[in-house]
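Student: Here my numbering is used: the first residue of the sequence shown is 1, the next is one more, and so on. We treat Cβ as the ideally placed atom computed from N, Cα and C, and that holds for glycine.
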Amino acid sequence: MNKMKLLIVDDEKDLCRILADRLHILYGINPDVAHTGDDALEMVKKRAYDVVVLDIEMPGIDGIETLKRIKEINKKIQVVLFTGHGSDETRRMGEVLGAFSYVDKIDGLPKLAPMIEGAFRLRKVLEDTYADAALNEYN
1 MNKMKLLIVD DEKDLCRILA DRLHILYGIN PDVAHTGDDA LEMVKKRAYD VVVLDIEMPG
61 IDGIETLKRI KEINKKIQVV LFTGHGSDET RRMGEVLGAF SYVDKIDGLP KLAPMIEGAF
121 RLRKVLEDTY ADAALNEYN
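If you want it as structure tokens, here you go:
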């Protein structure tokens, strides 16, 4: 797998550290971490992330509003909602706003890791598709 640019957004600092460590072991990447939606948005403006793992319940702007704003900044970024406070309504809202998938924290890394991989593959396909479309436009 090419080096993925990943951002983990969660107000639970210990969880972020554990996830970052495990993802480093699995994929050899060093994810960036944000603990609020506002911090995440500033980071997304400065770096072209492939995938964002995003909690829903956070102080300040919540994950759903953060998702909406991430997609306004860069539609190609794939977002995996990762929450312990979800509902069917939240899941549907995430889908409507363009989240790649939704994973309950109870399911943990065994379910999250394949979703991150799938989101990264889709991000690369979108990147290639946009590049091909741009080339075709100029040929």
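Can we say the segment 45-57 touches the segment 72-82, given the rule of at least three CB pairs closer than 8 Å?
Tutor: Touching, per the Cβ criterion.
Student: Can you give me the Cβ contacts of Pro31 inside the same chain, cut-off strictly under 6 Å, excluding the 5 residues immediately before and after it?
Tutor: Excluding sequence neighbours, Pro31 sits near Leu6, Ile8, Ala20 and Leu23.
Student: Relative to the C-alpha of Asp38, which candidate in Asp14, Ile70 and Gly84 has its C-alpha closest?
Tutor: Of Asp14, Ile70 and Gly84, the residue nearest in Cα terms is Ile70.
Student: According to DSSP, is Ala34 helix, strand or coil?
Tutor: In this structure, Ala34 counts as strand in the three-state DSSP scheme.
Student: Between the Cα of Met115 and the Cα atoms of Pro59, Ile73, Phe82 and Ser87, which residue gives the shortest distance?
Tutor: For Met115, the nearest C-alpha among the options comes from Phe82.
Student: Is it the case that the Cβ atoms of Met4 and Ile29 are separated by a distance below 8 Å?
Tutor: Their beta carbons are under 8 Å apart, which means Met4 touches Ile29 by this criterion.
Student: With a cut-off of 8 Å on the beta carbons, I'd call His85 and Ile56 a contact; round off their distance for me.
Tutor: Contact flag correct, Cβ pair sits at about 6 Å.
Student: Would DSSP call Leu122 helix, strand or coil?
Tutor: Of the three classes helix, strand and coil, the one that applies to Leu122 here is helix, per DSSP.
Student: Hey, which unbroken runs of the alpha helix (DSSP H) at 4 residues or more fall wholly within the segment 44-76?
Tutor: Listed in chain order, they are 63-73.
Student: Whole angstroms is fine: what's the gap from Val44's alpha carbon to Glu95's?
Tutor: Cα to Cα, the separation comes out at about 20 Å.
Student: When you compare only the Cα positions, how much space is there between Arg121 and Gly60?
Tutor: When rounded, the distance between both Cα atoms is 31 Å.
Student: Under the three-state reduction of DSSP, which class applies to Leu7: helix, strand or coil?
Tutor: DSSP places Leu7 in strand when its eight states are reduced to three.
Student: What are the boundary residues of the beta strand (DSSP E) that Leu81 is part of?
Tutor: First-last of the beta strand (DSSP E) with Leu81: Gln78 to Thr83.
Student: Would you decide whether Asp10 is buried or exposed? Buried here means 16 or more other CB atoms lie within 10 Å of its CB.
Tutor: Classification of Asp10: buried, given that the 10 Å Cβ count is 16 or more.
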